[in-house]
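Okay, so here's the structure we're looking at.
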Amino acid sequence: MDFSKYRSAPFNYDDAGATAGPLPTGYHHVTMSRVVGSGLDDFVAAADALMRWDMHRGAGLKVRSEAETAVPDSVVVLTLGPVRIPCRVVYVIDEANRQGFAYGTLDGHPESGEELFYVDYSPADGAVTAHISAFSRPGRWYTKLGGPVGRRVQAAFTDRYLSALASACRKAD
């Protein structure tokens with residue numbers, strides 16, 4: 001796959017990087033967190049699954065990425081059946097107890113917006129928590145036409161992502 005056309009393309013939304021702070025107005029917002037494991041081994045497993053795109057694979061998406069792991073400005077094209085879902089990584093979180101990234105949508109994506117995924121580890125109680133935060137609005141004619149169906153699909157995939165990270169933790173045990 002030729003990623004160069006996506007690498008130089010602008011995001012199809014304003015507010016790139018906004019998932020690092022309060023989500024911008026004018027978009028649908030999704031914020032969900034779930035404890036997916038316990039202990040440092042589970043944190044490492046969840047972070048690895050997240051950063052290597054295994055969370056997306058575990059949610060049922062086909063992944064084509066120009067980089068093995070999520071790195072700033074790298075392109076990933078996800079597919080669900082015939083639907084292409086091109087994104088570019090906006091930023092990466094690489095802290096001792098917090099790992100993750102945000103990607104933004106590119107032209108051709110069904111939605112227009114940004115999604116942040118990260119896992120954190122609490123040494124105090126051992127909890128490994130996965131977090132997803134997003135802002136979006138329809139980006140294609142069919143998502144505009146589909147209205148609430150698109151929101152249900154987004155909610156279902158948010159749940160699938162969190163379940164895939166919990167599964168990665170169970171494999172680590």
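Residue numbers are given in UniProt numbering: position 69 of the sequence shown equals residue 69, and the series is strictly consecutive.
Positions of the beta carbon are idealized from the N, C-alpha and C atoms, including for glycine.
No experiment lies behind these values; they were computed from the predicted model shown.
According to the DSSP secondary-structure assignment, Gly-113 is paired through a beta bridge with Ser-136.
Within the region 27-70, the runs of alpha helix (DSSP H) at least 4 residues long that lie entirely inside it are, in chain order, 40-51 and 54-58. At the C-beta level, Arg-137 and Gly-108 stay beyond 8 Å of one another. The distance from the Cβ of Ala-70 to that of Val-92 is about 6 Å, consistent with a contact at the 8 Å cut-off. Judged by pairs of C-beta atoms under 8 Å, the region 33-53 does not touch the region 140-147, as fewer than three such pairs exist.
Excluding its 5 nearest sequence neighbours in each direction, Lys-171 has C-beta neighbours in its own chain below 7 Å: Ala-45, listed in chain order.
Cβ-Cβ distances below 6 Å link Thr-31 to Ser-133 in the same chain, with the five nearest sequence neighbours on each side left out; the list follows chain order.
Looking from the CA of Glu-68, the closest CA among Pro-82, Gly-60 and Trp-53 belongs to Trp-53. Going by beta carbons, Arg-160 and Ala-59 fall inside the 8 Å limit. Taking a cut-off of 8 Å on C-beta distances, the region 73-83 touches the region 6-22, as three or more cross pairs fall below it. Per the coordinates, the alpha-carbon of Gly-17 lies some 23 Å from the alpha-carbon of Arg-34. Using a Cβ distance threshold of 8 Å, Ala-102 and Leu-80 do not count as a contacting pair. Leaving aside the five residues that flank Leu-23 on each side, the residues in its chain whose CB is nearer than 6 Å to its CB run, in chain order, His-29 and Phe-135. In this model, Leu-40 and Tyr-142 are separated by some 43 Å (Cα to Cα). Looking at the backbone, the Cα of Phe-11 and that of Leu-106 are separated by about 5 Å.
Residue state for Asp-159 is assigned as helix, using DSSP reduced to three classes. Across the structure, Gly-126 and Tyr-118 are spaced so that their CA atoms are roughly 16 Å apart.
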